[in-house]
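Asker:
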Ligand code: KDG
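In structure tokens:
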């Protein structure tokens with residue numbers, strides 16, 4: 050296995066038209082989750098990836114597992130919990146530029162992720178474990194699971210990548226900072242949006258804060274701090290004090306949700322391919338651009354042979 054990831058994947062009901070959700074006549078059914086979005090991105094690029102989580106014994110739980118399998122993601126360790134439902138997320142495109150997400154995930158099957166779901170041998174056999182800051186807020190047992198995964202990966206010498214992914218609908222910044230800074234400190238690669246950085250630096254913002262955090266990696270802490278800047282691209286600060294920057298790929302943005310996960314998948318693909326930080330950033334920005342160009346959190350992610358498509362002139366038809 051190249052990559053192992055743990056988290057919650059939700060059913061998604063997305064309004065296909067712009068406007069208040071209550072005006073929507075139809076909703077399109079799919080599924081998404083920050084960790085499984087990354088898993089799909091890596092799988093489409095040819096990596097062997099497993100997603101571990103819990104789903105309910107319901108139709109949308111089956112949808113989640115079947116869709117992930119269809120995407121080549123290993124679901125052998127997924128548990129079906131008959132006593133709780135698969136979570137749901139409703140996506141509302143409130144205006145052309147503002148998307149709102151509504152969660153129906155309290156006491157969901159996914160939130161019942163438990164330390165007993167952690168298989169030490171699976172972790173030991175992986176090249177990388179990918180986690181996000183969403184899972185620890187779902188429940189005490191989900192938080193303990195993530196802590197255990199990080200501890201086991203550390204003991205087995207398997208690098209952890211950690212995407213802060215702060216969700217303000219799920220917790221307040223103070224509680225988030227207390228948990229997420231501890232997890233980030235144990236990761237080899239940390240992804241954060243510019244606005245999320247203070248949550249893992251004790252409040253410090255900006256490039257100096259990212260550089261200082263990466264420098265701590267020489268002793269203990271993340272070796273690479275990757276800052277996602279949305280339409281302004283991304284930067285990586287490494288433990289040796291180097292900084293690399295990459296502009297975003299200009300595309301027409303249709304749906305921004307999932308862009309960060311796509312970026313992380315591209316960056317990690319570059320890492321697994323043994324590329325230098327600049328090339329990792331470039332691949333991350335390419336995947337981010339694919340994600341925003343298409344409706345859905347992961348649907349637009351590319352396969353390897355599609356990576357060059359974004360440099361094709363607009364209006365091109367390939368025959
Ligand atoms: O990054 C996109 C994710 O946020 C989305 O796919 C669903 O995992 C999700 C969440 O909890 O918001």
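In the numbering used here, the protein residues as written are 50 to 368. Here a beta-carbon is modelled for each residue, glycine too, at the ideal position from N, C-alpha and C.
Between residue 214 and residue 83, which are expected to be in contact by the criterion C-beta below 8 Å, what is the C-beta distance as a whole number of angstroms?
Answerer: Locating residue 214 in the chain shown gives position 165, counting from the first residue. Locating residue 83 in the chain shown gives position 34, counting from the first residue. That pair is a contact at about 5 Å.
Asker: Suppose you measure from the CA of residue 164 to the CA of residue 53; what does that come to, to the nearest Å?
Answerer: Taking the chain shown and counting its residues from 1, the one referred to as residue 164 is at position 115. Taking the chain shown and counting its residues from 1, the one referred to as residue 53 is at position 4. Spanning the two alpha carbons is a distance of roughly 15 Å.
Asker: My output table needs one value for residue 137: the three-state DSSP class, helix, strand or coil.
Answerer: Here the question's residue 137 lines up with position 88 in the chain shown. Strand, per DSSP.
Asker: Sorry if obvious, but does the Cβ on residue 346 come closer than 7 Å to a heavy atom of the ligand KDG?
Answerer: Translated into positions along the chain shown, residue 346 becomes position 297. Within the cutoff, so yes.
Asker: Identify the continuous alpha helix (DSSP H) that holds residue 263 and give its terminal residues.
Answerer: For the purposes of this step, residue 263 is identified with residue 214 of the chain shown, where counting begins at 1. Here the alpha helix (DSSP H) through residue 263 covers 255–265.
Asker: Between residue 82 and the ligand KDG, is the CB less than 7 Å from at least one heavy atom?
Answerer: Stepping through the chain shown from its first residue, residue 82 is reached at position 33. It does: the Cβ of residue 82 is within 7 Å (strictly closer) of some heavy atom of the ligand KDG.
Asker: Looking at the structure shown, is residue 194 part of a helix, part of a strand, or coil, going by DSSP?
Answerer: Along the chain shown, one-based indexing puts residue 194 at 145. Correct three-state label for residue 194: helix.
Asker: Determine the contact status of residue 56 and residue 249, defining contact as a CB-CB distance below 8 Å.
Answerer: If you number the chain shown from 1, residue 56 lands on position 7. If you number the chain shown from 1, residue 249 lands on position 200. Their beta carbons are not under 8 Å apart, which means residue 56 does not touch residue 249 by this criterion.
Asker: If we require 3 or more residues per run, which beta strand (DSSP E) segments fall completely within the segment 75–112?
Answerer: Listed in chain order, they are 77–81, 98–101 and 103–105.
Asker: With a threshold of 8 Å, are at least 3 pairs of Cβ atoms found where one atom belongs to the segment 317–327 and the other to the segment 342–351?
Answerer: The answer is no - the segment 342–351 does not touch the segment 317–327, with fewer than three Cβ pairs under 8 Å.
Asker: How about the segment 58–72 and the segment 103–123: do they share at least three Cβ pairs that are nearer than 8 Å?
Answerer: Touching, yes, given that three or more Cβ pairs across the two stretches are closer than 8 Å.
Asker: Rounded to whole angstroms, what is the Cα-Cα separation between residue 327 and residue 333?
Answerer: Within the chain shown, numbered from 1, the residue matching residue 327 stands at position 278. Within the chain shown, numbered from 1, the residue matching residue 333 stands at position 284. Their backbone Cα atoms lie some 10 Å apart in a straight line.
Asker: Using a Cβ-Cβ cut-off of 6 Å (strictly less than) and excluding sequence neighbours within five positions of residue 99, which residues of its own chain qualify?
Answerer: Looking up residue 99 in the chain shown gives position 50. Correct list, in chain order: 50, 53 and 123.
Asker: Verify the CB distance criterion: does residue 243 have a CB-CB separation below 8 Å to chain D?
Answerer: In the structure shown, chain D does not exist; there is a single protein chain.
Asker: Does the Cβ of residue 310 lie closer than 7 Å to at least one heavy atom of the ligand KDG?
Answerer: As a position in the chain shown, residue 310 is number 261, starting the count at 1. Yes, since a heavy atom of the ligand KDG falls inside the 7 Å radius drawn around the Cβ of residue 310.
Asker: Return the CA-CA distance between residue 131 and residue 106, expressed in angstroms with no decimal places.
Answerer: To locate residue 131, count along the chain shown from 1; it is residue 82. To locate residue 106, count along the chain shown from 1; it is residue 57. Spanning the two alpha carbons is a distance of roughly 5 Å.
Asker: Take residue 204 as the anchor and find which of 172, 269, 101 and 166 has the nearest alpha-carbon.
Answerer: Position 155 of the chain shown holds residue 204. Closest option to residue 204, Cα to Cα, is 172.
Asker: Along the chain, which unbroken stretches of the beta strand (DSSP E) at least 3 residues long are found entirely within the segment 150–195?
Answerer: Entirely contained in the segment 150–195, the beta strand (DSSP E) runs reaching 3 residues are, in chain order, 177–181.
Asker: What are the boundary residues of the alpha helix (DSSP H) that residue 310 is part of?
Answerer: As a first step, residue 310 must be located in the chain shown, where it is residue number 261. Where residue 310 is concerned, the enclosing alpha helix (DSSP H) stretches over 308–321.
Asker: From residue 311 to residue 168, what distance separates their C-alpha atoms?
Answerer: Working through the chain shown from its first residue, we reach residue 311 at position 262. Working through the chain shown from its first residue, we reach residue 168 at position 119. If you take the alpha carbons of residue 311 and residue 168, they lie about 26 Å apart.
Asker: Might you give, ordered along the chain, the residues of its own chain that have their beta carbon closer than 6 Å to the beta carbon of residue 337, omitting 5 neighbours on each side?
Answerer: The count along the chain shown starts at 1 and reaches residue 337 at position 288. Closer than 6 Å at the Cβ level, and outside the excluded window around residue 337, lie 308, 311 and 312.
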